[in-house]
Amino acid sequence: MQEVWEDANVKIGDVLSDVFGLSGQLMWEALVAGQSSAGEVAQLARGHARKKIAELTAALEGHPMRDAHRFLITRAMRHRAFLADEIEALDQEIARSLTRPDLSQPNSTSIVGSRIWIPSRPSRRVKSFSEQRR
926 MQEVWEDANV KIGDVLSDVF GLSGQLMWEA LVAGQSSAGE VAQLARGHAR
976 KKIAELTAAL EGHPMRDAHR FLITRAMRHR AFLADEIEAL DQEIARSLTR
1026 PDLSQPNSTS IVGSRIWIPS RPSRRVKSFS EQRR
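Our numbering puts the first residue of the sequence shown at 926, with every later residue one more than the last.
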């Protein structure tokens, strides 16, 4: 994606620390939508990036954003959003699978020092050595 931005002469990566943050996303969406004024696009900056509007305007000046650039950036942003959704789904599944079962249920126990939970089987009480001698 960086190559597409460089080919379009868009240099906001030189100004923003995170081009995928809120400010960066708003700016890329505006560029893809066809907003051509560098000043308008720079005004979309949020948070700490608002202090860099002059630098952002300069970084956005004269960008020859062609339809091919718009197409490639749109596809890349959609792919990034898809991957973010997949990561979120995986995180949720991992969190769900790591939750401990309810030990108040009969016949469940754990192996000491491990996170593995197994059902236990009822067993006879083993008498201690002193009880056996009586």
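Note that the Cβ used here is the ideal one computed from N, Cα and C, for glycine as well.
Remember, it's a predicted structure, so these values are computed and weren't measured experimentally.
Once you ignore the five residues that flank residue i on each side, which residues in its own chain have a CB closer than 7 Å to its CB?
i: HIS949; result: Here the sequence assigns Gly to residue 949, which means His is not the residue at that position. Same-chain partners within the cutoff: ILE937, LEU941, ASP943.
Exposed or buried, what is residue i when buried is set at 16 or more other beta-carbons lying within 10 Å of its beta-carbon?
i: ALA1009; result: exposed
i: LEU1015; result: exposed
i: LEU947; result: exposed
i: ALA1006; result: exposed
i: ALA974; result: buried
i: ALA984; result: buried
Please identify the residue among the options whose C-alpha is closest to the C-alpha of residue i.
i: LEU969; options: LEU997, GLY959, TRP953; result: TRP953
i: ASN934; options: GLU986, PHE1007, THR999; result: GLU986
i: LEU951; options: GLY964, SER962, ASP939, ARG971; result: ARG971
i: LEU981; options: ARG991, SER962, LEU997, ASP992; result: SER962
i: GLU928; options: LEU997, LYS976, ASP992; result: LEU997
i: ILE978; options: THR1024, GLU1018, ASP939; result: ASP939
i: TRP930; options: THR1024, ARG1021, ASP992; result: ASP992
So, at 8 Å on beta carbons, what are the nonlocal neighbours of residue i in its own chain, with the 5 sequence-adjacent residues on each side left out?
i: ASP932; result: HIS994
i: PHE945; result: ARG1005
Using C-beta distances below 6 Å, list every residue in its chain close to residue i, excluding the 5 sequence neighbours before and after it, in chain order.
i: GLN960; result: VAL966
i: THR999; result: VAL957
i: HIS988; result: ALA933, ASN934, VAL935
i: MET990; result: ALA933, LEU956
i: SER1022; result: none
i: GLY964; result: THR982
Ordered list of alpha helix (DSSP H) runs contained in the stretch 962-992, each at least 4 residues:
963-967, 978-985
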